[in-house]
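Residue numbers (the working numbering), protein chains in the order written: chain A, 25 to 543; chain B, 161 to 521.
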């Protein structure tokens with residue numbers, strides 16, 4: 025019997041859970057659903073006023089449409105979001121002065137749109153939900169007595185930031201514009217660069233509460249259809265209440281959520297996005313964020329900077345090789361130092377080992393503590409410098425430079441070599457062109473230091489093998505993260521580790537060609 | 161099966177599975193018999209592995225969707241097929257275990273003298289399993305990325321060692337006649353049987369025909385590598401001294417003296433390159449072994465097979481008490497390799513050939 029009771033309890037619990045789920049699925053704003061406009065103007069107006077009773081920035085302007093035998097009408101808009109000029113001259117003026125609208129013989133709303141209103145985008149709707157959405161996005165709503173449909177007139181003119189110079193990704197010879205918050209102006213920035221009828225822009229609306237616009241921008245025929253379908257599916261599956269940032273979208277559609285490596289490239293430069301689109305990648309723009317996303321992203325893209333394409337190719341190739349080397353230094357040097365000094369001092373030249381031992385006489389802590397202490401200080405300095413306001417930020421630099429550079433050594437806590445090594449890692453990690461990617465260096469660095477302290481050089485190599493396996497196994501939208509380097513393709517080498525001159529850079533990455541077409 | 165490979169991937173797959181643990185001991189094994197004609201044995205072995213490689217390739221093209229173990233079953237019937245699979249399983253698993261052991265031993269001698277052997281072996285084994293879990297595509301990407309480093313380190317080793325070589329050590333040429341050369345060749349069948357990986361990766365390729373070129377290049381590359389290592393070892397140490405070295409290749413790197421003081425002991429640096437070399441061989445054999453066992457037990461459960469082998473391999477790697485026993489087991493393994501290459505391969509070739517003839521008639 026007890027068993028049956030337990031089962032019953034379990035079953036009840038399950039039912040409770042189901043009920044909760046159902047409750048969750050119907051959020052508050054759904055109450056506007058399935059309500060349609062009626063013929064009576066007062067009833068409609070009352071309904072809207074009820075729904076927006078706490079929003080005092082909504083303007084209701086009653087007027088009479090038509091010059092003779094006029095009909096009562098109401099115009100509704102959100103204060104500050106609409107252009108007063110459009111509302112006054114192109115909506116209110118024609119509607120009030122027209123002779124077409126008469127009580128005796130009502131005309132179709134179509135006629136009003138065709139003959140009277142001098143605005144380009146007008147819709148009609150009888151759904152309160154749509155009406156409310158449009159109203160909040162900056163349209164003007166006109167309700168007329170006797171019609172069960174409302175006119176939704178596009179009149180958005182909110183305050184926007186002008187296109188400015190990019191802050192984070194600067195170039196010397198590249199273009200100087202960066203994305204702004206509005207999705208429309210961002211798409212225009214892309215379109216200006218790719219004057220091509222094949223440039224496709226697909227809109228989605230995501231976020232039940234926020235109703236955020238998202239656009240997929242790609243070059244039809246160049247972008248692989250299988251990749252495109254995968255991204256589309258992922259975006260359609262998003263079932264979130266709030267989408268406010270492109271990072272939200274990025275985290276929802278990326279495939280390896282626990283990986284430390286970014287899998288979708290975020291950039292504030294329109295030329296970068298345009299370049300990606302021309303290569304066959306797909307851009308994802310999110311309304312309200314000055315950052316665009318490019319997918320699929322591969323490892324080598326994080327080592328390219330916008331300036332690479334304007335400088336001499338031999339120099340760029342050299343700089344790129346140096347970037348890869350500096351990536352290795354930024355991630356491995358502290359670990360290598362730990363391993364060499366603690367496990368294999370025989371590998372270093374004798375005089376150097378003697379010098380290191382000399383500097384360490386009288387130091388109380390082991391290598392590992394010294395390195396970890398300095399790394400921690402460095403990370404905190406970086407963190408402080410990013411968060412603080414600009415004038416104070418410089419002070420942090422001075423304090424950090426003095427404290428870390430001199431005081432720590434003089435006080436006998438850390439040996440001077442460790443200071444040099446930590447400084448080198450800092451410099452080399454700043455050389456990485458992509459900030460999001462360089463954040464992953466920190467995790468690798470600390471992990472390698474610990475594994476090197478346990479198993480020496482063997483630990484470092486095993487650590488790198490594990491990172492390599494992890495990177496190799498990552499696949500986003502059907503493209504492997506390391507697809508640039510494997511399988512070997514001579515064409516890929518032109519724009520990964522090296523950069524060939526422009527006349528050699530023809531064609532797109534091989535991995536975008538649909539794989540089914542082979543054989 | 162859903163992961164597909166490009167034909168170029170074959171290059172790294174073959175090189176990595178052939179250049180492995182025996183790189184360290186191979187010069188000594190040959191020189192035991194062939195003395196200073198050891199390099200001729202390498203040429204013989206290269207020819208053998210070319211023949212083996214193209215046999216695997218030819219059999220693979222006849223059954224494009226099956227791996228070698230499954231082909232054995234189809235061609236030779238169920239009972240013989242299973243028997244052969246047991247033989248292959250013994251060979252591959254013994255190879256992995258001994259590779260792990262020899263790797264652990266050499267690492268313990270040259271870099272980590274206080275770390276317990278089982279830790280070194282276990283860490284390596286777990287890393288290989290992690291790589292294996294990613295599937296053939298992941299394996300081939302990892303192999304492709306490691307290949308340049310491995311080749312560079314070997315080329316550096318050979319080039320730097322040229323400072324100490326004395327060509328008179330090669331003389332007299334062919335003094336013992338063909339017999340010692342042939343005996344030396346038999347000793348090194350095992351590493352050259354690494355081409356067997358072709359039989360297990362063939363079903364994963366898009367364009368099977370283009371693979372031929374890469375098989376040829378890979379085997380020639382491996383042949384050259386072993387050839388130069390052996391000839392350098394003979395020239396630097398002389399065949400008498402060489403027979404008394406446990407790991408002649410590492411000793412070769414020990415002889416390197418740089419005029420400029422950058423690295424005091426170059427062999428530790430070579431040991432660092434040695435870790436990925438062993439890793440890739442272990443992964444490649446592990447991959448073949450898993451596919452073979454899957455065919456043996458008629459199962460499709462990857463996880464079960466991969467994790468099931470882990471404890472067995474771990475224990476097998478720790479069974480030998482000392483290096484002498486490791487060499488004893490290595491010689492058993494080499495006999496297995498000889499049986500597989502000179503017994504099984506012709507058998508399957510003939511059986512496939514007869515079947516093809518019947519089909520065409």
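Glycine included, every Cβ here is placed at the ideal spot set by N, Cα and C. Since the model is a prediction, treat every value here as computed from it, not as a measurement.
Which same chain residues, not among the five before or five after residue i, have their C-beta less than 7 Å away from its C-beta?
i                      : result
residue 532 of chain A : 246, 303 and 304
residue 133 of chain A : 148, 171, 173 and 175
residue 417 of chain A : 409
residue 333 of chain A : none
residue 346 of chain B : 498
Taking residue i as part of the beta strand (DSSP E), name the residues at either end of that continuous run.
i                      : result
residue 78 of chain A  : Where residue 78 of chain A is concerned, there is no enclosing beta strand (DSSP E), given that its DSSP letter is neither H nor E.
residue 310 of chain A : 306-310
residue 318 of chain A : 316-319
residue 290 of chain A : 289-291
Would you mind reading off the limits of the alpha helix (DSSP H) that contains residue i?
i                      : result
residue 274 of chain A : 270-277
residue 164 of chain A : No alpha helix (DSSP H) contains residue 164 of chain A, which is instead part of the beta strand (DSSP E) from 163-168.
residue 342 of chain A : 337-366
residue 556 of chain B : Coverage of chain B is limited to positions 161 through 521, which leaves residue 556 of chain B absent and any answer about it impossible.
residue 493 of chain B : 483-499
residue 471 of chain A : 459-497
residue 197 of chain B : Segment: none, residue 197 of chain B is in no alpha helix (DSSP H) and carries neither H nor E.
residue 518 of chain B : 505-520
residue 407 of chain A : 391-411
residue 234 of chain B : 228-236
residue 121 of chain A : 117-121
Which same chain residues end up closer than 6 Å to residue i when comparing Cβ atoms and leaving out the 5 residues on each side of it in sequence?
i                      : result
residue 515 of chain B : none
residue 209 of chain B : 352, 355 and 379
residue 448 of chain B : 252, 357 and 360
residue 94 of chain A  : 88
residue 22 of chain A  : In this structure chain A extends from 25 to 543, so residue 22 of chain A is not present and cannot be described.
residue 471 of chain B : none
Report the CB separation of residue i from residue j in whole angstroms; it is logged as a contact under 8 Å.
i                      : j                      : result
residue 92 of chain A  : residue 123 of chain A : 7 Å
residue 176 of chain B : residue 303 of chain B : 5 Å
residue 343 of chain B : residue 497 of chain B : At roughly 15 Å, the Cβ-Cβ gap does not stay under 8 Å, so residue 343 of chain B and residue 497 of chain B are not in contact.
residue 156 of chain A : residue 75 of chain A  : 7 Å
residue 466 of chain B : residue 181 of chain B : Between residue 181 of chain B and residue 466 of chain B the Cβ distance is about 21 Å, and since that is not below 8 Å, they are no contact.
residue 96 of chain A  : residue 217 of chain A : Actually they do not touch by this definition, with Cβ atoms about 50 Å apart.
residue 266 of chain A : residue 350 of chain A : The Cβ separation is near 39 Å, so there is no contact.
residue 543 of chain B : residue 249 of chain B : Outside the displayed range of chain B (161 to 521) lies residue 543 of chain B, so it cannot be described from this structure.
Which residues does DSSP pair with residue i in a beta bridge?
i                      : result
residue 223 of chain A : A/243
residue 546 of chain A : A question about residue 546 of chain A goes unanswered here, because the residues of chain A that appear run from 25 up to 543.
residue 175 of chain A : A/148 and A/166
residue 180 of chain A : A/106
residue 300 of chain A : Answer is none; residue 300 of chain A lacks a bridge partner.
residue 206 of chain B : The partner list for residue 206 of chain B (beta bridge, DSSP) is empty, contrary to what the question assumes.
residue 212 of chain B : DSSP, once it has assigned bridges, lists no residue as partnering residue 212 of chain B.
residue 230 of chain A : A/236
residue 89 of chain A  : A/95
residue 165 of chain B : B/365
residue 503 of chain A : A/500
residue 100 of chain A : A/84 and A/165
Going by the beta-carbon positions, is the gap between residue i and residue j smaller than 8 Å?
i                      : j                      : result
residue 391 of chain A : residue 374 of chain A : no
residue 449 of chain A : residue 353 of chain A : yes
residue 394 of chain B : residue 318 of chain B : no
residue 106 of chain A : residue 81 of chain A  : no
residue 241 of chain A : residue 307 of chain A : yes
residue 341 of chain A : residue 522 of chain A : yes
residue 406 of chain B : residue 430 of chain B : no
residue 260 of chain B : residue 283 of chain B : no
residue 323 of chain A : residue 99 of chain A  : no
residue 402 of chain B : residue 224 of chain B : no
residue 472 of chain A : residue 486 of chain A : no
residue 183 of chain A : residue 202 of chain A : no
residue 491 of chain B : residue 341 of chain B : no
So, at 8 Å on beta carbons, what are the nonlocal neighbours of residue i in its own chain, with the 5 sequence-adjacent residues on each side left out?
i                      : result
residue 279 of chain B : none
residue 309 of chain B : 433 and 436
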